[in-house]
Structures are given as C-alpha cells and as structure tokens.
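Start counting at 1 in the sequence shown, then tack on 677, and there's your number in the working numbering. Input: a single structure, listed below in structure tokens.
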Amino acid sequence: MGGKPAAASMIIGTAGHIDHGKTTLVRALTGVDTDRLPEEKRRGITIELGFAPLELNGLGTVGVVDVPGHEAFVRTMVAGASGIDVALLVVAADEGVMPQTVEHLSILDLLGTRTGVIALTKCDLVDEDWLLLVTADVKDAVHGTPLEDARIVRTSASKGTGIDALRSELIAAIKSIPAREAGETFRMPIDRAFSVRGTGTVVTGTVWEGSIPSGGTLVVQPSGKTVRVRGVQTHGVDVDGALAGTRTALALTGVEVADVDRGAWLCGDPAWPVTTLMRAEVTLLADANHALRPREWVRLHVGTADVGARVVTRGGALQPGAVAAARLILQEPVLVRAGDRFVLRLASPASTIGGGVVVDPLPPRRRSAPWNRLERAEDTLGRMLMEASGEGVEQELVPVRSGINRATLQALVRRPDVALSIGTRCYHPQALTEAADAIERLVHEGHQRDPLGDGLPVAAVTANVRVSGELAERAITGLCGVGRIERRGAFLTAPDWRPVLGAADADYRDRLLADIRAADAEPPDVATLAARHKRDPVPILRLLEREHLVIPVEADRFYAAEAVDRLVTRLRDGMTEEREYNPSELREVLGLSRKYLIPFLEFCDRKRVTERRATGRVRVAPTA
Ligand SMILES: Nc1nc2c(ncn2[C@@H]2O[C@H](COP(=O)(O)OP(=O)(O)OP(=O)(O)O)[C@@H](O)[C@H]2O)c(=O)[nH]1
Ligand SMILES: [Mg+2]
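Now the structure itself:
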C-alpha cells in the first residue's frame, strides 16, 4: 500500500436543476468528466452519481460528488447528497430558479447540510440586468435554508470565467465548518459496488464517521456479512486507511458484489444492530402540497438506502409545514444512529415531502412514546436511561441510541449524577434508588404476608421488580451495607427480623412439636398433621426447622432432631467399617418399618452417614 497522507476530510456535492451546468462546472474545477456512461453521453444528462477529486490550495484534495438534476433521478441525488459537507448549488443564469433547484435545496436542508456556495452558471448567455433579476430570485429561493448566506459566484464554463473565484469561495466554506468526529465507529453507506479483475469486490462511498485501516474487519449491513478490507483508495490513490469525510474505495474479501449494493452499509462494530423501528422528529415541507395521512406508506431515504416507511404520529394527518415526534416503521432494516438525517418522498407522484432526524433508532418495541430531539446531550442520555429504568441500556448501544459523540459520552457516564455503569450496562442513578426502595418494600411485604417464612428469596427479586440481575445485586448490597435489610443465605429479611408467633401460632407450634417428638422414629407426614390439626403445618414446620428442632428427612415428613440423632448414632454403632449392608440388615439395626427405612437411609446417604454402592451400603467415617 502507498502510505501517502490521507486526503482532506471534506466532501462537496453539487445540486441544481437539470442542464444547469453542474457536470460542466465540476469538469472546469477538477478536469474530470463525471458523465461516464454511454447513455449519459448520448442524452447529455447525468444519470448516475459522479465523483472527482478537487485540489484546493492549502486544503489538499477534497471529494466532489456530482448529482443528476433530472426530476426522475432525485432519489439518486439524495443518495449522493447524504454524505456531503459543502453544497455547490448550481443555477443557470438563463433559466434561473427551477423546480429541482427548489427540491434539491429542500433536500440539502433536510439532510442538515451546513453550508455551501452558489454558482450562477451560463453567465455568458445573459446580460447584466437579467443577472441582477436572477440573483434576486436565487436569494429568495435560499432564504431560510442553510445556503441563505452562501456567496453567489458568476461563472461561465464556455468563457472559463469565475472558476478561480468559485474555488476561493469553496475553500472559505470548507474552512467555516468543523471537521467530522474521528473517534466514532466506522460507518459508510455504499453508493457503488463493482468487481475488479484481480482485486475482487470493490465498494465506494463517503465515510460518514470513524476510520478503518487497510487490513481491518467490517460488517456489511443489513446482510450481517463480515468482510476484510484488502485495500483502500481515495481518489484513485492507495492509502493506509479510510477516514471520515473522504471519498473511499474499499477492496473487500468475503463478499460478492451482489451482497453489497447501493443502500447497504459498512460498519466497524458487529454489535451495532440494524433496525426497522425508530423514533424520529419528522418535518413536512411547507410547500409539500401533501398532508401525510396516518400510517401512510412513504419512501425513506437515509444514507444511500431507500426503504418503505410508515410514519406514526399522535393525532391525525401531518400537515405541510408541521414538525412532529413520530415512530417510523420500516419495511427493510437500516443501520442508523440518533442524529442521522433522512428524506421522505412519495413514490407517486414522485416528490419530496419532508424528512427529519433519527431520535432513537432502537426504542423498546412496545409502549415507546415518540420523542422530540433534545438540545443537551445530558438530557438525551437521561431520558433514555430513565426509560430503560432497572433494565438499563447496553453500553455499546448508548452512542447509537443517543447520537452523543464518544468523547462527550465518556465524560458524561463518569458523572455519578448522570449514569451508573454496572457490567456491560448503563443505568440512570435513579434506577438504583428505585430498585432499592422496591426491594426493601418487597421484603417487608413478604414478612407481612408470611410472618413465619424465611424472608424474600434473592432469586425472586428480579421476577418481582423489573431490574436486571446485576442492578438487583448492586441494590441488595447497598441495602445490606446501610442496614436497611439483611441477607441470610438465599433470603432477604428485614434487619434483625425474627418470626413473630401469635398466641394461636405458638400453641400450634407446641402441639406439632409434641406430635413429632412423641412419634419418635416414625413421625406423621405433613398431610396427616394437616388433617389432624385442620391447619397447614408447613410454615410452622419450616420455623421449627430453622430453630433446628425438626429435620425434613423426607420432603413432606419432619423428624424431631433428637430422633434423627438417635437413629444416626444407632446406625453408625451398628455398622462395621468397610462392610456392605443390605436394607434388611440395616432394618435390623434401626428397627424401622420399610415405609420409613428406605427414605431414612436415603437421607443418611445425602448426609454422608452412609454411602450407597451397587451391592449395598457402607458406613462413612464421620468427619471431625
Ligand atoms: N453557454 C454555456 N453553456 C454551458 C455552460 N455550462 C454548461 N453549459 C452547457 O449546458 C449543458 C448542460 O450542462 P451539464 O453540465 O451537463 O448540466 P448538468 O447540470 O450537469 O445536467 P444534469 O446533470 O443532467 O442535471 C451542456 O450542453 C453544457 O455545455 C456555460 O457556462 N455556458
Ligand atoms: Mg450533470
């Protein structure tokens, strides 16, 4: 690979009505004729996106994207315009402002293009008076758009005038905007894919964010295929890697041309999910001439993709000029991040009706209220974490869902009043407080409902409070640390909690214990006790078990502790070391009936008093 320094990270994109001289101007600036297709030559119009490197003094090489002006190719124009930094709006002096001048301007506005330069082309065809009129019209047209303050440069390709002035204005425009974020995850919408003999699959695009070195690994979305970058070129020159804001060609291994068409994305993070549901702020153009009916299907253009979309807002139809928070349901998955811009178009009659900004590309499937954009990163993050509550948000999805850049986010999540990171997830600090309160409440409710119970099983917490296991654990540790609850084995109790027996319970306890003790080696089971006393004995038996007064030798049969001790001693004393005993021999030792014998021997196996072998039981030497 070449190892040349990367090009300047800025993209200029043309815009303007058909035949107004965009391609001619790009050639005058760069020397490249971007109309390469035979059909383009024959018809004298641009059909496909064109790309050319532009040398600018002091800035190096920037990329130029030339778009078609024909009204039938607006979707191609949108794909070309979606990655640009600086617009070059072209208006032919002889025709002035025309329908696609206006439509392209709307698209630039919707896509968030920050600045631009206006070229009045074909100035050789008109006189000064006419030029003044057209200039006034152009100023009207750009009023209220990002090109409102753009410089207007008079050019003539046939006379070769105005090109240097245009160059200077482009330099000034580029210098007026900040460079793209470099520290983000690599993302590039693909605008072309072809196969080169000896190289294989090559894709091109404008890198939106991040960077990728030659040799790196990427994922193609929405197909999910992993690919390796064999080589990187910018403007036909081998470079070490692809940088945000550059026109880039990537040679890929691991994928066929058919799998990486226009509309697909290359992404640096395999964990970045595609989506078919998002929250967005939608704007309908004031001159849209079309109200968007509830649940009406439109085309959504984002990156180089173009998918069917349904805009769901609260209330009725969206009127031209309206701005509304909406949920967008897509027919095909896209790879988007909060802050991404999109354009909405009608398929027929083909027209641009509006667009908007992605607010959250991965909202909960259900009950997600539409959200407006918020100004401050802190508020955006706070709202998302509040919604996620005790379940939190995967940390690696936070940049995608919030659109907050990495550096800002890193600083934000370190603030304990803003976010709490546990394991792989991020929580609102309030989620911890709420989880702790809920758990404490649950513990107390449990004691009230079952005053003789063991307390709240730790395992039951996540089933009752909607929190992740790790947040529950953090809350429990916190509660125990300050003495609000106690952890006793697998149970949570109120601090210093003891089971409270009323007079009736205490009496029942005494009678049960007396029954069991009286029965000695052959006590009644739970059902017998329940029938005898007309009351469920289990809670009291559990209590007696915790007091070490009874032992559940079988699941539903409790023995007095001293009865078990006596039987175990009798068994140990009656067995000789190393000799195997069959059940009837042990029955002799213990003197139990068969019904009691087998469960008791199994109990002894579990307690390692005895060990059951294939041919009989042996005594296990008691450990100290
Ligand atoms: N006289 C004159 N003709 C020009 C000038 N610039 C472009 N043209 C002519 O205008 C016609 C259209 O120019 P293009 O550059 O193809 O226009 P375009 O805007 O790229 O058209 P589309 O891409 O199809 O939208 C061509 O015949 C050009 O030679 C100019 O400054 N003066
Ligand atoms: Mg053209």
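The beta carbon of each residue, even a glycine, is placed where N, CA and C say it ideally should be. All values derive from a computational prediction rather than experimental measurement.
Which residues share a DSSP beta bridge with residue i?
i: Lys-699; result: Lys-699 pairs with nothing; no bridge assigned.
i: Lys-902; result: Val-897
i: Arg-1289; result: Arg-1294
i: His-967; result: BP columns for His-967 are empty, so no partner.
i: Trp-942; result: Pro-866 and Gln-898
i: Ser-833; result: Thr-838
i: Asp-1202; result: Arg-1234
i: Leu-824; result: Leu-824 is not bridged to any residue.
i: Thr-691; result: Leu-765
i: Ser-872; result: Thr-878
i: Gln-910; result: Asp-915 and Ala-926
i: Cys-1103; result: Val-1070 and Ser-1098
i: Pro-1134; result: Phe-1168
i: Phe-1280; result: DSSP, once it has assigned bridges, lists no residue as partnering Phe-1280.
i: Val-1020; result: His-978 and Gly-1032
i: Gly-985; result: Arg-976
i: Val-803; result: Partner(s): none; Val-803 has no beta bridge.
i: Thr-883; result: Arg-924
i: Val-1227; result: Ala-1237
i: Leu-1178; result: According to DSSP, which records beta bridges pairwise, Leu-1178 is partnered with nothing at all.
Thinking residue i and residue j are a contact (beta carbons under 8 angstroms), I'd like their distance in whole angstroms, please.
i: Thr-832; j: Leu-797; result: 7 angstroms
i: Ala-764; j: Leu-824; result: 6 angstroms
i: Arg-1018; j: Gly-1032; result: 7 angstroms
i: Ala-692; j: Leu-766; result: 5 angstroms
i: Ala-919; j: Leu-929; result: Not quite, the Cβ-Cβ distance comes to about 12 angstroms (not below 8 angstroms), so this is no contact.
i: Pro-1200; j: Ala-1207; result: So it is not a contact: roughly 14 angstroms between Cβ atoms.
i: Ile-840; j: Gln-777; result: Rounded, the Cβ-Cβ distance is 23 angstroms, inconsistent with contact.
i: Ile-1217; j: Arg-1186; result: 5 angstroms
i: Pro-1176; j: Gly-1160; result: About 20 angstroms separates the two Cβ atoms, so there is no contact after all.
i: Val-975; j: Leu-1023; result: 6 angstroms
i: Val-741; j: Ile-689; result: 5 angstroms
i: Ala-1112; j: Val-1070; result: At roughly 15 angstroms, the Cβ-Cβ gap does not stay under 8 angstroms, so Ala-1112 and Val-1070 are not in contact.
Relative to the C-alpha of residue i, which candidate in the options has its C-alpha closest?
i: Ile-854; options: Ser-686, Cys-1281 and Thr-822; result: Ser-686
i: Pro-745; options: Met-775, Glu-1257 and Lys-699; result: Lys-699
i: Arg-659; options: Val-979, Arg-864, Ala-921 and Val-988; result: Outside the displayed span of the chain (678 to 1301) sits residue 659, for which this structure offers no information.
i: Ala-1167; options: Ala-1181, Glu-1150 and Val-1177; result: Glu-1150
i: His-781; options: Glu-805, Asp-743 and Pro-1214; result: Asp-743
i: Pro-947; options: Thr-862, Val-1070, Val-1241 and Val-1227; result: Thr-862
i: Gly-882; options: His-1225, Asp-868, Leu-1023 and Ala-1108; result: Asp-868
i: Asp-1114; options: Thr-1154, Gly-993 and Glu-1222; result: Thr-1154
i: Asp-1233; options: Leu-1278, Ala-1204, Gly-1067 and Ala-941; result: Ala-1204
i: Gly-821; options: Asp-804, Ser-1145 and Gly-789; result: Gly-789
i: Glu-1231; options: Arg-1249, Glu-1254 and Tyr-1273; result: Tyr-1273
i: Pro-890; options: Val-909, Gly-877 and Gln-1087; result: Val-909
In terms of residues, what are the limits of the beta strand (DSSP E) holding residue i?
i: Leu-1037; result: Checking the displayed sequence, the identity of residue 1037 turns out to be Asp instead of Leu. That run of the beta strand (DSSP E) goes 1028-1037.
i: Tyr-1258; result: First-last for Tyr-1258: undefined, no H or E at that position.
i: His-978; result: 974-979
i: Gln-1072; result: Premise fails: Gln-1072 is in no beta strand (DSSP E) and is neither H nor E.
i: Glu-958; result: 952-961
i: Gln-1087; result: Note, Gln-1087: premise wrong, no beta strand (DSSP E); alpha helix (DSSP H) at 1083-1090.
i: Ile-722; result: Looking at the DSSP string, Ile-722 is not in any beta strand (DSSP E), and its letter there is neither H nor E.
i: Thr-792; result: 792-798
i: Ser-686; result: Run containing Ser-686: none; DSSP gives neither H nor E here.
i: Ser-783; result: Note, Ser-783: premise wrong, no beta strand (DSSP E); alpha helix (DSSP H) at 776-787.
i: Pro-890; result: 888-890
Identify the continuous alpha helix (DSSP H) that holds residue i and give its terminal residues.
i: Ser-845; result: 840-852
i: Met-754; result: 751-758
i: Met-1061; result: 1054-1065
i: Leu-733; result: No alpha helix (DSSP H) holds Leu-733; the beta strand (DSSP E) holding it covers 727-733.
i: Gly-1146; result: 1146-1158
i: Thr-1110; result: 1106-1126
i: Val-937; result: From DSSP, Val-937 is part of no alpha helix (DSSP H); its letter is neither H nor E.
i: Asp-743; result: Run containing Asp-743: none in the alpha helix (DSSP H); it sits in the beta strand (DSSP E), 737-743.
i: Ile-1162; result: Premise fails: Ile-1162 is in no alpha helix (DSSP H) and is neither H nor E.
i: Glu-1009; result: Taken as a continuous stretch (DSSP letters only), Glu-1009 belongs to no alpha helix (DSSP H), being part of the beta strand (DSSP E) at 1000-1011.
i: Pro-947; result: Unbroken run through Pro-947: none, as it is neither H nor E.
Flag residue i as yes if its beta-carbon sits less than 8 angstroms from any beta-carbon of chain C, otherwise no.
i: Gly-1160; result: In the displayed structure, chain C is absent; only one protein chain is listed.
Quiz item: Is there contact here, the region 944-960 with the region 998-1014, by at least three beta-carbon pairs under 8 angstroms?
Solution: Segments in contact, yes.
Self-check item: Stretch-stretch touch, CB-based, cutoff 8 angstroms, three pairs: the region 1093-1100 with the region 1126-1140
Solution: Taking 8 angstroms as the limit for Cβ pairs, the verdict is that the region 1126-1140 does not touch the region 1093-1100.
Self-check item: Cβ pair count under 8 angstroms reaching 3, the region 1116-1125 against the region 900-914
Solution: No, the region 1116-1125 is not in contact with the region 900-914.
Self-check item: Segment contact, 8 angstroms Cβ cut-off, at least three pairs: the region 980-994 with the region 748-762
Solution: Two segments are said to touch when three or more pairs of C-beta atoms, one from each, lie closer than 8 angstroms; by this definition the region 980-994 touches the region 748-762.
Quiz item: Is there contact here, the region 957-968 with the region 993-1002, by at least three beta-carbon pairs under 8 angstroms?
Solution: Result yes; three or more Cβ-Cβ pairs closer than 8 angstroms.
Self-check item: Sequence-ordered residues whose beta carbon comes within less than 5 angstroms of a heavy atom of ligand 3
Solution: Questions concerning ligand 3 fall outside what the structure shown contains, since the ligands it does hold are ligand 1 and ligand 2.
Quiz item: Does the count of Cβ pairs from the region 1031-1048 and the region 1101-1114 closer than 8 angstroms reach three?
Solution: No, because fewer than three Cβ pairs between the region 1031-1048 and the region 1101-1114 fall closer than 8 angstroms, the two stretches do not touch.
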